[in-house]
Each structure stands twice: as C-alpha cells, then as structure tokens.
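To start, the structure itself, in structure tokens.
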C-alpha cells in the first residue's frame, strides 16, 4: 500500500557451514517479507560497522557460527541494539558466534559450551549423528502468557542438546536438562536455558538454542517460536 512503512531486517549469515546458514535463513526470509520487512542479506558482520545504515535496521537475524567480529563491528552492533534495533537467532548462529569477543557474549547472555553426545563406543562415534540425542525442551510458567511461547507446551527433539553458559539477566522461557549418564564426568544434572530473551538499552534480543539442522528448524514448535521471536525482538 502506498506510503506504508516497511520495516528493515538485516540477515547476517555465514561462519561454519555445518549449520547451513544460507538454507536455514532462507526458511525465514519469506515469513519476514510477508510481515512487512524489507530484507537485506549479508555474508559477514561488516554492516554492523555502518552506523548510518544500522540506525534504520529494525531487526537483525544472525546465523553466523564461530567466526570473528572486529571491534568497530561489535561497537556498531551494540550501539544499534541499545538504540532499539532488535536481534534474533538460533543455535550456534547466535549463541556460538565470535568466540574472540567477551563483549559479544555479554550482549547475548549465553554461550554454547558443549553438546554431550552418545556413549563413546556408540556406532555413531566419529560422525555428526553421535551428537544427536533425545531431549526435552521444558517450558517455564512464564512462557504460558509470553507472545513468543503462548500455547506451546514441552516438546521433544533428537538433535544437539546445548549446554549453555549463561547469566541471570536473561528472561528464560524454556530450559533443557542435561542428564548424568554412566560415562559422563559431571555428577549432577545441569539445566541450561533453551529459549530466552534479553533487554539491552531500548533493544530486544531473542535466542533459541534448537536449530542445528533444517529438520529441527521445520519442527512446528521450533519454527513457531523462532518466527514469533523475530517479531517480538523487532523494533
């Protein structure tokens, strides 16, 4: 419609190819466009260093695993979010990005530590499937009325289960608990945030740890949560 304001979404995708950053983000571009976003696709965090451009970005969707971020890029990212730009992402594309930057970790509020796999002698040892284990995403009471998770109950996945190092500034909507198996060196269960939000200045950040592969992203609950999370985070 003439004169209608279209929001701007910057999709930053790249880094480790094991998370299929192009195919994964392509799943959500049509959703963003349908919801009134003009989408720009980039293969590095370089645009973060352009303050004039970032001032007009309403939502950053980042799927960039590992890699590195330059100081001017990080400074621009933080400034944009503080001024009201939203940020959203899933799995290693947001929670295992830029291991060279503790300031990035501080911004996001959670860092991938590991994804404990099956028994060391399992037939899948040495393959990607060795890390695919059955686990439950447990919704917290706060999730029942939150616009990201309303109406979604606990759900089960068979994929990487993220053990996350996090702080209590996060507003956690769902958790997952790493059990203690006979071969594990830890001595008690460890519960990590699986879905959380974080307020930073005027901006909002949304993180979901499920999302290793396309089949996980296409799971009804996971996809719904990510779609809602992007809209919630946007300016």
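Numbering (my numbering), first residue to last: 20 to 254.
Cβ coordinates follow ideal geometry from the N, Cα and C atoms, glycine included.
Given the structure is predicted, the values throughout are model-derived calculations rather than measurements.
According to the neighbour-count rule (16 or more other Cβ atoms, all chains shown, within 10 Å of its Cβ), is residue 154 buried or exposed? buried
Taking residue 214 as the reference, give the member of 176, 42 and 245 with the closest Cα. 245
Where residue 105 and residue 239 are concerned, what is the direct C-alpha to C-alpha distance, given to the nearest angstrom? 23 Å
Would a C-beta distance cut-off of 8 Å place residue 164 and residue 252 closer than the cut-off? no
Going by DSSP, which residues form a beta bridge with residue 83? 33
Can you give me the C-alpha to C-alpha distance between residue 158 and residue 145, rounded to a whole angstrom? 32 Å
Looking only at its chain, what residues have a beta carbon closer than 6 Å to the beta carbon of residue 35, apart from the 5 residues adjacent to it on each side? 84 and 85
For my contact list, residue 196 and residue 208 are in at a C-beta cut-off of 8 Å; report their separation, rounded to the angstrom. 5 Å
Beta carbon of residue 178, beta carbon of residue 139: below 8 Å? Taking 8 Å as the Cβ cut-off, residue 178 and residue 139 do not qualify as a contacting pair.
Distance between residue 89 and residue 250 (C-alpha atoms, nearest Å): 28 Å
Near residue 78, which residues of its chain fall below 8 Å by C-beta distance, leaving aside the five closest residues on each side in sequence? 26, 27, 28, 29, 51, 56, 104, 105, 106, 107, 249, 252, 253 and 254
Within 10 Å of its beta-carbon, does residue 189 have 16 or more other beta-carbons around it, so buried, or fewer, so exposed? The residue in question, residue 189, is buried, as its Cβ has 16 or more Cβ neighbours within 10 Å.
By DSSP, does residue 123 sit in helix, in strand, or in coil? helix
Buried or exposed, going by whether 16 or more other CB atoms sit within 10 Å of the CB of residue 59? Exposed: under 16 other Cβ atoms inside 10 Å.
Are the beta-carbon atoms of residue 193 and residue 162 separated by less than 8 Å? Result yes, Cβ atoms of residue 193 and residue 162 sit closer than 8 Å.
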